[in-house]
Amino acid sequence: MAATPSTMMPLGTIAPDFTLPDTVSGKMRSLSELKGKRATLVMFICNHCPYVLHINDELVRIARDYQPKGVSMIAISSNDVVNYPEDRPELMKEMAEKTGYTFPYLYDESQDVARAYDAACTPDLFLFDADLKCVYRGQLDNSRPKNDIPVTGKDLRMALEALLNGREISRDQIPSIGCNIKWKP
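Just so we're aligned, residue 1 is where the sequence shown starts under the working numbering, counting upward by one.
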């Protein structure tokens, strides 16, 4: 598994709309229904990627810290489940419940949503303002599996704090790195 960087959607891009099944609730959920009052974080993740497993607990902490402040978090898995059965929807539901996700974990079977966001890896993080304009895309922090740097969420937290406090978010953003999205043949 080669480390793949995110492609870095242009800042200011409007979040592509979607409607996908939520593996936890079983309901169809849309971006327009799930968007936050102040910000929306769209995260491309999956069950088996060691980069995602490495940051899962911090994603739960970020949800705890920022959802009460009007930030919506939406996780999406777009991986090919035929060749990567550990990412099947029923196992996504198990992962969400076991890890304590307080945000929807949506399944992008067609992979159209991943393509619309130009997502490349897991995790691939996209932060949008209240108008759904991209204000941050990049890494959670400098921690990676096996690099001994603690997971803090520093980069994403700095972007969230700036956005919520009306400050400009630095345009100097570092791509996320993770496993490539497992595209269908």
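Idealized CB from N, CA, C, for every residue including glycine.
Everything numeric in this text was worked out from a predicted model, so none of it was measured.
Collapsing the DSSP output to three states places residue 77 in a strand. Excluding its 5 nearest sequence neighbours in each direction, residue 111 has C-beta neighbours in its own chain below 8 Å: 78, 80, 181, 183, 184, listed in chain order. Among the bridge pairs identified by DSSP, residue 120 is matched with none. Residues 1, 4, 49, 51, 121, 122 of the same chain have their beta carbon placed closer than 7 Å to that of residue 179, with the five preceding and five following residues left out of the count.
Contact check between the stretch 126 to 134 and the stretch 80 to 96: fewer than three CB pairs, one atom from each, fall below 8 Å, which does not count as touching. When DSSP states are grouped into helix, strand and coil, residue 148 belongs to the coil group.
When Cβ pairs closer than 8 Å are counted between the two stretches, the stretch 134 to 144 is seen to touch the stretch 51 to 60, the count reaching three or more.
Excluding the 5 residues flanking it on each side, residue 114 has same chain C-beta neighbours closer than 8 Å at 44, 76, 78, 108, 181, in chain order. Residue burial is scored here from C-beta neighbours: residue 82 has fewer than 16 other C-beta atoms within 10 angstroms and is therefore classed as exposed.
Per the DSSP secondary-structure output, residue 19 pairs in a beta bridge with 30.
Bounds of the beta strand (DSSP E) holding residue 3 are 3 to 5. Your pair residue 42 and residue 117 checks out as a contact, with CB atoms roughly 7 Å apart and the cut at 8 Å.
If you look at residue 135, you'll find it in the beta strand (DSSP E) that goes 134 to 138. Spatial neighbours of residue 73 in its own chain (CB-CB distance under 6 Å, excluding positions within 5 residues in sequence) are listed in chain order as 41, 63, 103. Excluding sequence positions up to five before and after residue 86, its CB lies within less than 6 Å of the CB of 47, 48, all in the same chain and listed in chain order.
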